[in-house]
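Protein chains in written order, with the working numbering: chain A, 11 to 189; chain B, 11 to 189.
As structure tokens, the structure follows; a few thoughts come after it.
Protein chains: 2
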Amino acid sequence: MTGMLKDKTRFVPPPKLPPPTPVVDLSDAEMRMAQDLLFFAYRDFTNVADQVLEELGLGRAHHRALHFIGRNPGITVSSLLAVLRITKQSLARVLNALVDEGFVAQAPGFEDRRLRLLTLTEKGAALERRLFDAQRNRISQAYKRAGPQAVQGFRGVMRGIMDKGARDYMDGTGAAEDA
Amino acid sequence: MTGMLKDKTRFVPPPKLPPPTPVVDLSDAEMRMAQDLLFFAYRDFTNVADQVLEELGLGRAHHRALHFIGRNPGITVSSLLAVLRITKQSLARVLNALVDEGFVAQAPGFEDRRLRLLTLTEKGAALERRLFDAQRNRISQAYKRAGPQAVQGFRGVMRGIMDKGARDYMDGTGAAEDA
DNA sequence: GTTTTAAGTCAACAATGCTGACCCATTTCG
DNA sequence: CGAAATGGGTCAGCATTGTTGACTTAAAAC
Numbered sequence: 011m012t013g014m015l016k017d018k019t020r021f022v023p024p025p026k027l028p029p030p031t032p033v034v035d036l037s038d039a040e041m042r043m044a045q046d047l048l049f050f051a052y053r054d055f056t057n058v059a060d061q062v063l064e065e066l067g068l069g070r071a072h073h074r075a076l077h078f079i080g081r082n083p084g085i086t087v088s089s090l091l092a093v094l095r096i097t098k099q100s101l102a103r104v105l106n107a108l109v110d111e112g113f114v115a116q117a118p119g120f121e122d123r124r125l126r127l128l129t130l131t132e133k134g135a136a137l138e139r140r141l142f143d144a145q146r147n148r149i150s151q152a153y154k155r156a157g158p159q160a161v162q163g164f165r166g167v168m169r170g171i172m173d174k175g176a177r178d179y180m181d182g183t184g185a186a187e188d189a
Numbered sequence: 011m012t013g014m015l016k017d018k019t020r021f022v023p024p025p026k027l028p029p030p031t032p033v034v035d036l037s038d039a040e041m042r043m044a045q046d047l048l049f050f051a052y053r054d055f056t057n058v059a060d061q062v063l064e065e066l067g068l069g070r071a072h073h074r075a076l077h078f079i080g081r082n083p084g085i086t087v088s089s090l091l092a093v094l095r096i097t098k099q100s101l102a103r104v105l106n107a108l109v110d111e112g113f114v115a116q117a118p119g120f121e122d123r124r125l126r127l128l129t130l131t132e133k134g135a136a137l138e139r140r141l142f143d144a145q146r147n148r149i150s151q152a153y154k155r156a157g158p159q160a161v162q163g164f165r166g167v168m169r170g171i172m173d174k175g176a177r178d179y180m181d182g183t184g185a186a187e188d189a
């Protein structure tokens, strides 16, 4: 019985204390820091919108859909799937909720009537605005404090981290890209 | 019936097509872009480690725990909770799995024997290394391409986006901070 | 007129958050 | 010393959001 640890087989004797953490080279520490940066910044950035979402019984997935539909009015379901990289079923849940509650409207395509062109309703645009405003504060504060040059660097690095596909999407001016 | 849309009440007539997306001011577009950057960079960065994790039947939550224990050898459970900002129960699931499978070791504190000091076992450190290596490529590529100045900017902006608490943690040299 | 394609749907499952309610061992404090 | 506070653990149940697999329907393409 190792004190409070009960006898749970779970106890493993400590490896002589701090396993000396290799500390390979300097840039290694930089890379570790980048992990932290991404984790914290993303977590806290997304959290900003959560309060508003909770009020409405929506989740982050809904926010993402609203965001990308707002940025790409008339986007098709399959393009949206390609951007989000989730399955049709996952999107369906979220999208149906948004349509049911009047945040998103869908119209059949003109040329190809199989397509469902997605747009935000006014209600949807208003919600997206609200969510955006919350997050915008964060960003603009951070941008302001860091300065325009830092912003340039930020963009460059972030672009470098993402997949080529995402980079391409972003280069498409935010208009619906072709998967 | 409106073609393929069946009769699902779900159909909402299109709002005259692209609700003109206000386009308030220039900096607004910048902020929107930042949302995209964060979403894509974070998604693709975390994805990098997923393959390795899947092999082992572990998830991202396990990775996070490994990461922060690795960076803060001897961290207590409550400090880890404070860093991750999740509940004890959520952490327990993940931590128990890691201990059971020999990735993490725990030792009672010397001064205060209620504490459980967490460290990576060699096996755990090796796994963390593996996961890290995958992600390191991304980062170092991005850093290299963007240049050292951009990296500075990246850090500044990311720090600005996160909560003060996270910033403080990071300033603690990555050594276990006091909640 | 057959085959693709865009979209929708049912069912079931897994990971990871959460809350609420307790228990135990240790430390602290009156 | 004895009570309260603290660090940690656990059971049970639930929500969100991701996954697979299998199948349908409507429209387009060939």
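Glycine is no exception: its CB is placed at the ideal position from the N, C-alpha and C atoms.
Note that the structure is predicted; figures quoted are calculated from it, not measured.
So Arg-126 of chain B is in the beta strand (DSSP E); what residue range does that whole segment cover? Along the second sequence, read from residue 1 onward, the residue named residue 126 of chain B stands at position 116. Its beta strand (DSSP E) spans residues 126 to 130.
Of all the CB atoms in chain B, is at least one closer than 8 Å to the CB of Ala-102 of chain A? Residue mapping note: residue 102 of chain A aligns to position 92 of the first sequence, counting from 1. No - not a single Cβ of chain B is within 8 Å of the one on Ala-102 of chain A.
Which residue wins for smallest C-alpha separation from Ala-144 of chain A, given the options B:Ala-156, B:Ile-171, B:Val-114? Taking the first sequence and counting its residues from 1, the one referred to as residue 144 of chain A is at position 134. Minimum Cα distance to Ala-144 of chain A is reached at B:Ile-171.
8 Å Cβ cutoff met for Gly-175 of chain B and Ala-160 of chain A: Numbered from 1 along the second sequence, position 165 holds the residue referred to as residue 175 of chain B. Numbered from 1 along the first sequence, position 150 holds the residue referred to as residue 160 of chain A. Contact flag unset, no.
Against Gly-182 of chain B, what residues of chain A qualify as contacts under a CB-to-CB distance less than 8 Å, listed in chain order? Within the second sequence, numbered from 1, the residue matching residue 182 of chain B stands at position 172. Within chain A, no residue comes near Gly-182 of chain B; the closest Cβ sits about 11 Å away, beyond 8 Å.
Close-in-space but distant-in-sequence residues of the same chain around Arg-126 of chain A (CB under 7 Å, 5 per side omitted): Here residue 126 of chain A is taken as the residue at index 116 of the first sequence, counted from 1. Hits under 7 Å: Thr-86, Val-87, Gln-116, Pro-118.
Alpha-carbon to alpha-carbon, Arg-123 of chain A and Leu-63 of chain B: Numbered from 1 along the second sequence, position 53 holds the residue referred to as residue 63 of chain B. Numbered from 1 along the first sequence, position 113 holds the residue referred to as residue 123 of chain A. When rounded, the distance between both Cα atoms is 42 Å.
Counted within 10 angstroms of its Cβ, other Cβ atoms place Pro-158 of chain A as buried (16 or more) or exposed: Locating residue 158 of chain A in the first sequence gives position 148, counting from the first residue. Exposed, by the Cβ-count rule.
Mind pulling the chain A residues with CB within less than 8 Å of Ser-89 of chain B? Stepping through the second sequence from its first residue, residue 89 of chain B is reached at position 79. Near Ser-89 of chain B there are no residues of chain A at all, since even the closest Cβ is about 15 Å away, more than 8 Å.
Do Leu-128 of chain B and Ile-79 of chain B have their beta-carbon atoms positioned less than 8 Å apart in this structure? For the purposes of this step, residue 79 of chain B is taken as the residue at position 69 of the second sequence. For the purposes of this step, residue 128 of chain B is taken as the residue at position 118 of the second sequence. Going by C-beta atoms, Ile-79 of chain B is nearer than 8 Å to Leu-128 of chain B.
Give me, in chain order, the residues of the same chain whose beta-carbon lies closer than 8 Å to that of Arg-169 of chain A; leave out the 5 immediate sequence neighbours on both sides. Translated into the one-based positions of the first sequence, residue 169 of chain A becomes position 159. The residues are Arg-177, Met-180.
Mind reading off the beta-carbon distance from Val-114 of chain A to Leu-105 of chain A? Whole number of angstroms is fine, and I expect it under 8 Å. The count along the first sequence starts at 1 and reaches residue 114 of chain A at position 104. The count along the first sequence starts at 1 and reaches residue 105 of chain A at position 95. Between Leu-105 of chain A and Val-114 of chain A the Cβ distance is about 7 Å, and since that is below 8 Å, they are a contact.
For the region 77 to 161 of chain A, which segments carrying the beta strand (DSSP E) assignment without a break, of at least 3 residues, lie completely within its bounds, in sequence order? 114 to 118, 126 to 130
Val-161 of chain B CB to nearest chain A CB: under 8 Å? Taking the first residue of the second sequence as position 1, residue 161 of chain B is located at position 151. Answer yes: the Cβ-Cβ gap between Val-161 of chain B and chain A drops below 8 Å somewhere.
Can you tell me which of the three DSSP states Leu-66 of chain B falls into? Locating residue 66 of chain B in the second sequence gives position 56, counting from the first residue. Coil at Leu-66 of chain B, not helix or strand.
Residue span of the alpha helix (DSSP H) that contains Gly-1 of chain B, given as start and end: Nothing about residue 1 of chain B can be read from this structure; chain B reaches only from 11 to 189.
Can you list, in chain order, the residues of its chain with a C-beta nearer than 6 Å to that of Ala-71 of chain A? Leave out the 5 residues immediately preceding and following it. The count along the first sequence starts at 1 and reaches residue 71 of chain A at position 61. Here the set comprises Val-104.
Could you tell me whether the Cβ atoms of Gln-151 of chain B and His-77 of chain A are closer together than 8 Å? One-based indexing of the second sequence puts residue 151 of chain B at position 141. One-based indexing of the first sequence puts residue 77 of chain A at position 67. The answer is no: Cβ separation not under 8 Å.
Less than 8 Å between CB atoms is the rule here; does Gly-170 of chain A satisfy it with respect to chain B? Translated into the one-based positions of the first sequence, residue 170 of chain A becomes position 160. Yes, its Cβ sits closer than 8 Å to a Cβ of chain B.
Could you give the C-beta distance for Val-167 of chain B and Ala-156 of chain A, rounded to a whole number, given that I count them as a contact under 8 Å? Within the second sequence, numbered from 1, the residue matching residue 167 of chain B stands at position 157. Within the first sequence, numbered from 1, the residue matching residue 156 of chain A stands at position 146. Val-167 of chain B to Ala-156 of chain A, Cβ: 5 Å. Contact.
Buried or exposed: where does Gly-134 of chain B fall if 16 or more other Cβ atoms within 10 Å of its Cβ makes it buried? In the second sequence, residue 134 of chain B corresponds to position 124, counting from 1. Gly-134 of chain B comes out buried.
When the Cα atoms are used, what is the spatial distance from Leu-130 of chain B to Leu-68 of chain B? Mapped onto the second sequence, residue 130 of chain B falls at position 120. Mapped onto the second sequence, residue 68 of chain B falls at position 58. Going from the Cα of Leu-130 of chain B to the Cα of Leu-68 of chain B covers about 16 Å.
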